[in-house]
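One structure is given below, encoded as structure tokens.
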Amino acid sequence: MRISHSRRALAVATATALALTAFGSAAGNAADEPESTPVPIVTPDGALFSYVVNTERAGARDTILAVKSIKRADGVVVQAWPQIGVLVVHSANGSFREDVLAADRVGVVESVGATRTVSPTEGTPGAETAAGAKQSKTVMGQAKKDTTGWTVDEPAGTTAVPDPGEATQWDMTMIKADQAIEVNPGSSRVTVGVLDSGIDASHPDLASQVDADQSVNCTDGGKPDTSATGWLPTTSDHGTHVAGTIAAAQNGVGIVGVAPGVKMASVKVVNDDGYIYPEYAVCGFIWAGMHRMDVTNNSYYIDPFMYWCEDQPDQAAAKEAVRRAVDFSTKRGVVHAAAAGNAATDLANNTTDASSPNDSTPVQRVINSDCEDIPAELDGVVTVSSLTQATSLSSFSNRGLGKIDVSAPGSAIVSTELNGTWDTKSGTSMASPHVAGVLALLKSAHPRWSPAKLEAAVRAQADDHECTTTTAGPACVGTLDENSFYGDGITDALDAVTIK
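Residues -30 to -1, 1 to 470 in mature numbering (1 follows the signal peptide of the UniProt record, and there is no 0) are what the sequence shown lists, from first letter to last.
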């Protein structure tokens, strides 16, 4: 059984891996929590797999030295991101993880991990040279569909909404976006990166809203593709629906988004099979940072694990790569909104997962507090739960005291659809873009505010809402100021453009 290893934990991890059965659980850890159930990613010789290699330090030196070790271990560098010390690698060497560490003669490699449990369907894109690694300036990442988030738990409507069709948008009324637009519809100098399945830029409500120059496709092995059509949707309408909620134009047609005055970039991180692997997301976040976007929306969790566990070497390495990419973009001025997920789970008391890995055969596994939904549970990300029109927690929405930052409408949301139509979808995927739009309004009103200040403001300005627990549903815990269903409250677009 081959699994990835951190250099500092190589001996311990190897011994632990050998002592466990393929899907057995381990003894409790020092914090009196169980270790997560091992899910080894088997990489037989001759089968191509994708990996991330994380260096000890960011920068050209460690990246170039890591490239040499990767080549000695029969790996091909698909994309190097020296800005964060992450390289995306393909290899058909079954012992690549062990071999690259053995070939690392100067100790620059921190961790190595397989990013999926199956071979990459896209094959191996053109390899990055050492010089290219030194000068690499862009990142592409992939996103995964928010599988349950695409499930509609109310009947879907498929007819176009006439203008002023925004009168049917109860969601905009709930968050006071209809009033906010009259004060400030958002600035065209503000850009929201929609990390998703692509945006239909020919849609009449979106044609004027998408900045093609900032758009990109990250699903080519995590390597940026800036071709004119690469970032357009192919098999999914998800990104187009999300985009309409954020910034559909106020143009007398269809609907109106939360912030119709801002621009959007299509950052395609969902491949044609509907998966968002770590290397795709890394690319997406770095792209957003390099292009100085202001906000990203992330209506997905990263495949193939619903929860990425730090005591599993493969998962830990991939999670670290994504964390670095999020931090990089945040430091370059980007604030992030993310869907809380649609498993109807209490993220603050989460102990099992039966859905992962979702690209091969899921297993029933024990998880612990170091197993997290990413990017939603990463630092610096505004995590959003979903509400119904009655302001109750949506039946599918995840929750959790200290896990949910704010809430927003997510059940039966009307928005843009492929082929110039409109449709209704439900999910935390639909809630998160409301908050991304509010963050864009905040940035428009306060262009000098940092991501940290924007995150604090969107939470502080949210309208407090008491717990709404019923005997038939899960328990809501916490106070009026902060609870497990609403976090700090329901996001408020009007406050975003009026409160100084």
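Glycine residues also receive a C-beta, built at the ideal position from the N, C-alpha and C atoms.
Residue from the options whose Cα sits closest to the Cα of residue i
| i | options | result |
| --- | --- | --- |
| Ala422 | Val164, Arg27 and Ala307 | Ala307 |
| Ala182 | Gly200, Pro174 and Ala72 | Gly200 |
| Val351 | Trp140, Cys253 and Thr266 | Thr266 |
| Tyr250 | Asp74, Trp51 and Gly372 | Trp51 |
| Arg294 | Asn312, Arg262 and Ile344 | Ile344 |
| Val333 | Asp297, Thr322 and Pro4 | Thr322 |
| Val239 | Ser396, Val48, Arg429 and Ile256 | Ile256 |
| Trp278 | Val336, Gly254 and Val223 | Val336 |
| Val212 | Ala382, Ile272 and Pro95 | Ala382 |
| Asp433 | Ser414, Arg418, Val376 and Val384 | Val376 |
| Val160 | Ala198, Ser420 and Met234 | Met234 |
| Asn268 | Glu136, Val296 and Ala43 | Val296 |
| Val12 | Ala286, Thr391, Arg27 and Asn63 | Asn63 |
| Thr358 | Asn338, Gly370, Gly156 and Val384 | Val384 |
| Ile145 | Ser236, Asp349 and Ala229 | Ala229 |
| Ala286 | Asp69, Glu342, Tyr270 and Val78 | Glu342 |
| Ser365 | Leu409, Ala442 and Met142 | Ala442 |
| Val304 | Ser420, Thr315 and Thr439 | Ser420 |
| Lys289 | Cys437, Tyr247, Gly259 and Asp316 | Tyr247 |
| Asn320 | Leu371, Gln53 and Val354 | Leu371 |
| Asn187 | Ile225, Gly254 and Ala147 | Gly254 |
| Arg369 | Ala430, Ala314 and Gly448 | Ala314 |
| Ala309 | Ser39, Glu347, Gly244 and Gln139 | Glu347 |
| Lys470 | Ala415, Gly83 and Ala445 | Ala415 |
Simplified DSSP assignment, three categories, for residue i
| i | result |
| --- | --- |
| Thr361 | coil |
| Cys253 | helix |
| His435 | coil |
| Val160 | coil |
| Trp201 | coil |
| Asn267 | strand |
| Ser39 | helix |
| Lys114 | Residue placement at Lys114 is flagged as unreliable, the pLDDT there being 32, under the threshold of 50; the coordinate-derived value follows with that caveat. Coil at Lys114, not helix or strand. |
| Val405 | helix |
| Ala324 | strand |
| Glu342 | strand |
| Val428 | helix |
| Arg335 | strand |
| Asn154 | coil |
| Gly102 | Confidence is the limiting factor: at Gly102 the pLDDT is only 38, short of 50, which leaves the residue's position unreliable and the question unanswerable from this model. |
| Arg31 | helix |
| Ile171 | Sequence inspection shows Ala at residue 171; the Ile mentioned does not correspond to that position. Looking at Ala171 - three-state DSSP - the assignment turns out to be coil, as it is neither helix nor strand. |
| Ala308 | strand |
| Gly459 | coil |
Boundaries (first-last residue) of the beta strand (DSSP E) holding residue i
| i | result |
| --- | --- |
| Glu387 | Ile383 to Glu387 |
| Glu5 | Careful: Glu5 lies outside any beta strand (DSSP E) and carries neither H nor E. |
| Val82 | Val79 to Ala84 |
| Ala442 | No beta strand (DSSP E) holds Ala442; DSSP gives it neither H nor E. |
| Val237 | Lys233 to Lys238 |
Beta-ladder partner(s) of residue i, from DSSP
| i | result |
| --- | --- |
| Ile246 | For Ile246, which the question treats as bridged, DSSP gives no partner whatsoever. |
| Phe19 | Ser61 |
| Thr391 | Glu387 |
| Pro379 | Leu357 |
| Gln53 | In DSSP, Gln53 forms no bridge with anything. |
| residue 473 | The requested residue 473 is not part of the displayed model; the chain covers only -30 to 470. |
| Thr25 | Val79 |
| Gly45 | Ser61 |
| Asp451 | DSSP, once it has assigned bridges, lists no residue as partnering Asp451. |
| Asp166 | Lys238 |
| Arg369 | Asp316 |
| Val180 | Met234 |
Proximity of residue i and residue j at Cβ, strictly below 8 Å
| i | j | result |
| --- | --- | --- |
| Glu92 | Gly231 | no |
| Thr394 | Leu176 | no |
| Thr468 | Val153 | yes |
| Leu388 | Pro203 | yes |
| His208 | Ser167 | yes |
| Ser362 | Gly397 | no |
| Ser325 | Thr87 | no |
| His435 | Gly459 | yes |
| Ser81 | Leu18 | no |
| Thr43 | Val70 | Note on residue identity: the sequence assigns Ala, not Thr, to residue 43. Yes, they are a contact pair. |
| Val23 | Gln282 | no |
Residue i: first and last residue of the uninterrupted alpha helix (DSSP H) it sits in
| i | result |
| --- | --- |
| Met276 | Per DSSP, Met276 belongs to no alpha helix (DSSP H) and is neither H nor E. |
| Gln285 | Pro283 to Lys301 |
| Ala313 | Premise fails: Ala313 is in no alpha helix (DSSP H) and is neither H nor E. |
| Glu68 | Phe66 to Ala73 |
| Asp465 | Ala463 to Thr468 |
| Gly209 | His208 to Ala217 |
| Thr143 | Trp140 to Met144 |
Cβ of residue i within 8 Å of any chain C Cβ
| i | result |
| --- | --- |
| Ala310 | Here chain C cannot be found, since the structure has a single protein chain. |
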